[in-house]
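To convert, count from 1 in the sequence shown and add 9; that's our numbering. For glycine and all other residues, C-beta sits at the position ideal for the given N, C-alpha and C. All figures in this text were calculated on a predicted structure; none of them were measured in a lab. Reviewing the structure listed below.
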Amino acid sequence: MANKKTQNQTQIQDKNKRIEQLLSMVWDTESTARILAITSQILELDPNNIEALILKSDNTVNLQQKIEILERALKASKSPNASFREHPVIIDLAIHQRLAFLFMEDGDVDNSLKESDITIKLAEDTGTPDEYDYYSEIKTLRYRALIEKGEWQRILSLVMQDEDHTPGWAYARLVAAWALSPEPKAKNCVKFFWDALISGPDIPFYMLGFFDEPEDDEDDESIISDFDFAVLYYDVLSFSDYFHDWFSRGVVLFGLLSNRFEGKERDYMIDALDSLGGFNDYERMSKILVEGDDMAVIEAMAANKCLID
């Protein structure tokens, strides 16, 4: 009996050692095919290995399969026999955060919001927001889900408590304020437009299709971040035709004053601005010498009461 127990312990130790070796191997490769092959080997040895399940989901193409694998990982993480190489809270954050983004990609806004709320609460309850790399990103996703659901009051309640003034914060506040504001909406919400513009001056140009998608080899993280945000938020502009036109008017005016358009494109944008009702602002601002960076242009536009009529 003792020999059999010792043999079983040795087999378990050998299996765990092999899993550790395979996990080390999987983190040393960038090949998707090899990652999937190695994680399959790990899951043959331990069908509920959480780290392997997360890696498999990350490298699976099919959206529904990705979600199913993560749900399996989440279930495994609740098992009393679950083992973690990372702190369990970090693992839970990783799973819920991934599910939140995948549900949004799948068009399941309710579950995306649910997973976002769980992730944020978990980070805040355990005192880990500063250590959690995706804290700002998951709040941005939650704002996006709330916009989709039209939960304007909740958005305004959250932004008032949120000290992390990201583009997600700024755009959620702008859209919610517009939705709830009485007429004149432009005058009441223009300050929020300036704040959204300040949060990322290039973002609205991606949102409106004025700037092309960054090249595959782009290594400027701020450009990639701006584009990724624009992809997530671009269609929030369409919740109101009036808002879309007013927002576009402000972006085109800013683009002209900050010299983002040249040649024939500039001429076209001047005509577009005229059709949006913003030519008077452009004519007034063209007579003012605005020197400096984007912030200086935005401050000049605000000081000269653009966009309020």
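Asked: Test item: CB-CB of residue 96 and residue 128 under 9 Å; Found: no
Asked: Same chain, Cβ closer than 7 Å to residue 48, five either side skipped, listed in chain order; Found: 35, 61, 64 and 65
Asked: Reference residue 75; option with closest CA among 54, 53 and 45; Found: 45
Asked: Limits of the alpha helix (DSSP H) - the one that residue 87 falls within; Found: Careful: residue 87 lies outside any alpha helix (DSSP H) and carries neither H nor E.
Asked: First and last residue of the uninterrupted alpha helix (DSSP H) at residue 197; Found: 194-208
Asked: Cβ pair count under 8 Å reaching 3, the stretch 267-284 against the stretch 169-185; Found: no
Asked: Closest by C-alpha distance to residue 162, when choosing among 143, 30, 174 and 186; Found: 186
Asked: Assigned secondary structure, residue 289 (DSSP; H/G/I helix, E/B strand, else coil); Found: helix
Asked: Proximity of residue 159 and residue 206 at Cβ, strictly below 9 Å; Found: no
Asked: Start-end ranges of the beta strand (DSSP E) lying completely within the stretch 42-75, minimum 3 residues; Found: none
Asked: Boundaries of the alpha helix (DSSP H) in which residue 156 is found, first to last residue; Found: 144-158
Asked: Under 9 Å between C-beta atoms of residue 282 and residue 199; Found: no
Asked: Own chain residues within Cβ distance below 7 Å of residue 233, not counting five before or after; Found: 223 and 227
Asked: For residue 241, the nearest candidate out of 287, 212, 100 and 172 (CA to CA); Found: 212
Asked: Nearest to residue 287 (by Cα), restricted to the options 173, 32, 263 and 175; Found: 263
Asked: Environment of residue 70 [buried if 16+ CB atoms lie within 10 Å]; Found: exposed
Asked: Other residues of its chain near residue 50: CB distance less than 7 Å, five sequence neighbours each side excluded; Found: 31
Asked: Euclidean distance between Cα positions of residue 6 and residue 112; Found: An answer regarding residue 6 cannot be provided, because it is not within the stretch 10 to 318 covered by the chain.
Asked: Short Cβ contact (9 Å threshold) for residue 252 with residue 184; Found: yes
Asked: Beta-carbon proximity of residue 151 to residue 109, cut-off 9 Å; Found: yes
Asked: Same chain, Cβ closer than 7 Å to residue 58, five either side skipped, listed in chain order; Found: 28, 51 and 52
Asked: Local Cβ density within 10 Å of residue 107, reported as buried at 16 or more and exposed below that; Found: buried
Asked: Contact under 9 Å by Cβ, residue 194 with residue 255; Found: yes
Asked: Reduced DSSP category for residue 96 - H, G, I as helix; E, B as strand; rest coil; Found: coil
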